[in-house]
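Engineer: Under the numbering used here, the first residue of the sequence shown carries the number 340, and numbering increases by one thereafter. Glycine included, C-beta positions come from ideal geometry on N, C-alpha and C.
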Amino acid sequence: MDHQSEFKPSRWTIRIKLISIISFIIIFGLSTMILLASSFFKDDSEKRIQETNLQLVDVIGQKVEDEFYSIAYKINNMAIILDQSLRKEQTALLTDLFFKNNEDFIYMAIAEKRGDSLLIKNKIVNETFLKENNLSEETFLQMNSVFGDEFGRSADGATVVLNVSPSCLSPCLGLSIPYGRPGQSQLVLLYMDAANFLKAFQSSGITTTYLINEKADLLAHPDRDAVLAGKSMLEFPIVKSLLESKVDNGQTRYERESEFYLGSYKKMGLAGLGVVSTVKEDDAFLAVYNIQRRNIYILLIILNVSVIIVFFFSRTISAPIIRLVSATKQIEGGDFHVKIRPSTRDEVGVLTNSFIGMAQGLEEREKVKSILGNMIDPTVVQEAMIDMAALKRGSEKQITAFFSDVAGFSTISEQLKSEDLAALLNEYLSAMTIILKQYDGVLDKYIGDAIVGIFNAPVDVDNHPLKAAKASIDMIRKLNDLRAYWTANQLYTEEARVMDARIGLNTGPAKVGFMGTDALASYTMMGDTVNLAARLEAAGKDYGVNILISESTKSRIESELFTRRLDLVRVKGKNEPVQLFELIASHSEVDPIIKESAEAYEKGFELYLKKNFAKAITTLNEAIKIKAQKFGKDKAALMLIERCEEYKESPPASGWDGVFTRTHK
């Protein structure tokens, strides 16, 4: 029995699946959108409410603080006047004027602290206020006894503000401030009507703002009864946060009696006072919840309409899809000649027609991919197949740019026949390119005998400066092997058998991507990093070295590879000086003579930078002698000696920084 006879159609038909999928997508998508929108709106509303609360407490706090400072200033000045030896009628006149200008002031006294009680030395009373409110002076004398211990702290330098409303039977505040010279234990005491003061704390919309003192006693609140009761606010989490906070203002979200609140507070620099502003979350987010509810209704409407539409039109989809599945399996088997035709002119018909074109395109793509693999770096081809648009857009990446060139290749090419020249060049370029690829480099282009490579683009390469450096060292070794092979087999000309190569490396940011026209472009790199790498390759000729690298590359490889500092130059096209380094070999493979010679050269170069040209020449000659024991001449040292000789004859200017300006590439 084959697998077709075992197959049983599922109850989950295309229609049911489409309805289920569409329903899920709509529910998930709109639900997610509703939740995200509500969340963002809620977060934004919370931030705005908190900011508004914070601004509100800042404004009210500043206003209250200014008011208390003004009151303290007034009663202090009045106390000084009362201490003067004035006639009784003068005192009466000033008292009358004082209370007329400050109608909220009820009782003011100059007191001296005696143990836990206060000794009243002088006092004045707002008789008009007492008559209008059926109060007596005795009430305030009793209050002095009740609150004397608290107000007595002002004799020690503290400013005290208390809610004395329970004793006064109306909204009243008590204020005491230090008075007199230190050590006199004196204070000024004021009882004042808080009715007008409470107006600043009347409810504004959904926000509740109130004032507390350092002991969390309520001083001002929109609820008059709470003020009259002298309620303590210590049980409120936001008040605890205010009292415990080390900063002047703050925001918090807290829960109380199963309800959440958003609150802001501000500490004042007077008497430990604090202003608190709170709002219920349910009130603050009422608009959010209403929008959320309406969005859910819209979701249900859209869902029902979508289900009805999908139910009636799903039948026009299933048959063409079955044919497309069959054609897909045909393509999977490698047969791109599918035998299907569009049966409708709707989207499914367009899909079928596009599928046919896709099959033809896939066939062409396979052909192009095969051809391009032999003409463009396979890594670039692979990335282009994945996302050609991204490569066309280009990007800024940290890369290591590689440039190499054959020294004296023009002379070699003139001496060889075209077929021999092609054979030599192909043998050389093939060997070098294989090494480039072994170290994850990407071939940018060949320019005659020159090779341009990129490390770390278009794909990321770990430790790309080190890989580029190791590839360069291996290329020079491989060229030595090729020269030995050509010599042993008497191939090509004598000049070809001893040909040498120069390499320049530089690490830094560069623009990489396909450059050119829409019709014809190639993957390459551009920028100062690339230009400097090319300059380094060209400069290698002057210094007689195979591999010349920049400081940015050297700093990333010096732990594993041995380099020699050659020069400090200003290359053509750049204003900033560039440190030049010769890349020699790994630390474990470098010859001791080379290492000793390099150390002597670098000492000589340091002397050169310090303008000690005579000693620099001596040290550089030592470097030449050391290298000559086993190796050839040191062209870099000879060039630097020649430069030192010139500076000995014509010393540089006083501001000379040691930078040598190259006038050619």
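1) Does the separation of the CB atoms of K934 and F970 fall below 8 Å?
2) What are the boundary residues of the beta strand (DSSP E) that N461 is part of?
3) Which same chain residues end up closer than 8 Å to T1002 when comparing Cβ atoms and leaving out the 5 residues on each side of it in sequence?
4) According to DSSP, simplified to helix, strand and coil, what is P991?
5) Less than 8 Å between C-beta atoms, sequence neighbours within five positions excluded: which residues of the same chain meet that for R909?
6) Round the Cβ separation of L922 and S993 to the nearest angstrom and send it over; I've been treating them as touching at under 8 Å.
7) Using a Cβ-Cβ cut-off of 7 Å (strictly less than) and excluding sequence neighbours within five positions of D759, which residues of its own chain qualify?
8) Which residues in the same chain as I886 place their Cβ atom closer than 6 Å to its Cβ, once the five residues preceding and following it in sequence are excluded?
9) Please determine, among T846, G847, L768 and D779, the residue with the shortest C-alpha to C-alpha distance to I815.
10) Excluding the 5 residues flanking G688 on each side, which residues of the same chain have their C-beta closer than 6 Å to its C-beta?
11) With distances taken between CB atoms, is the gap from G609 to L550 smaller than 8 Å?
12) Is DSSP giving V566 helix, strand or coil here?
13) Of the residues D779, D532, L457 and E477, which one's Cα is nearest the Cα of S1021?
14) Let me confirm a value: H560 is counted as buried when at least 16 other C-beta atoms fall within 10 Å, else exposed. Which label applies?
15) Taking only three categories from DSSP, how would you classify N692?
16) Is the beta carbon of I388 closer than 8 Å to that of V1005?
17) Helix, strand or coil: which one does DSSP assign to S603?
18) Using DSSP with H/G/I as helix, E/B as strand and the rest coil, what is K731?
19) Return the CA-CA distance between D341 and L782, expressed in angstroms with no decimal places.
20) On the three-state DSSP scale, how would you describe A418?
21) Compute the Euclidean distance between the alpha carbons of L557 and E489, then round it to the nearest angstrom.
22) List the whole-angstrom C-beta distance separating A975 from L905, where the pair is believed to meet the contact cut-off of C-beta under 8 Å.
23) Considering Cα atoms alone, identify which of Y530, T498 and R492 is closest to P510.
24) Taking buried to mean at least 16 other C-beta atoms within 10 Å of its own C-beta, is I545 buried or exposed?
25) Can you list, in chain order, the residues of its chain whose CB lies under 6 Å from that of S989, leaving out five sequence neighbours each side?
26) Please go through the region 806-871 and give each complete beta strand (DSSP E) segment of 3 or more residues, from N-terminal end onward.
27) Answer with buried or exposed for M372, where buried requires no fewer than 16 other C-beta atoms within 10 angstroms of its C-beta.
28) Look at the Cβ atom of N416, then the Cβ atom of F444, and state whether they are nearer than 8 Å.
29) In chain order, what residues of the same chain lie with their CB nearer than 8 Å to the CB of Y408, ignoring the 5 residues before and after it?
30) If you scan the region 936-982 from start to end, which runs of the alpha helix (DSSP H) of 4 or more residues do you find wholly inside it?
31) Is S515 closer than 8 Å to L508 when the C-beta atoms are compared?
32) Measuring CA to CA, which of G847, E753 and I647 is closest to A740?
33) In the DSSP assignment, the beta strand (DSSP E) including Q754 goes from what residue to what residue?
34) Would you kindly report the start and end of the unbroken beta strand (DSSP E) that includes I790?
35) Does the beta-carbon of R732 have 16 or more other beta-carbons within 10 angstroms, so that it is buried, or is it exposed?
36) Would you report the Cα separation of L436 and I577, rounded to the nearest angstrom?
Structural biologist: Reading from the atomic positions:
1) no
2) S456 to V464
3) K911
4) coil
5) E915, P916, V917, V998, F999, T1000 and R1001
6) Not a contact, Cβ separation roughly 35 Å.
7) Y831
8) S811, I842 and L922
9) L768
10) P681
11) According to the sequence provided, residue 609 is Leu. The question's Gly does not apply to it. No. Outside cutoff.
12) helix
13) The structure shown does not extend to residue 1021, since the chain is modelled only from 340 to 1004, so the question has no answer here.
14) buried
15) helix
16) Outside the modelled stretch of the chain, which goes from 340 to 1004, sits residue 1005, for which no answer is possible.
17) strand
18) helix
19) Low confidence applies to D341: its pLDDT is 47, below 50, so where it sits in the model is not reliable, and the reading given next is rough at best. Cα to Cα, the separation comes out at about 52 Å.
20) helix
21) 15 Å
22) 5 Å
23) Y530
24) exposed
25) none
26) 840-855 and 860-865
27) exposed
28) no
29) L609
30) 952-967
31) no
32) G847
33) First-last for Q754: F748 to Q754, but that is the alpha helix (DSSP H), not the beta strand (DSSP E).
34) A789 to F794
35) exposed
36) 42 Å
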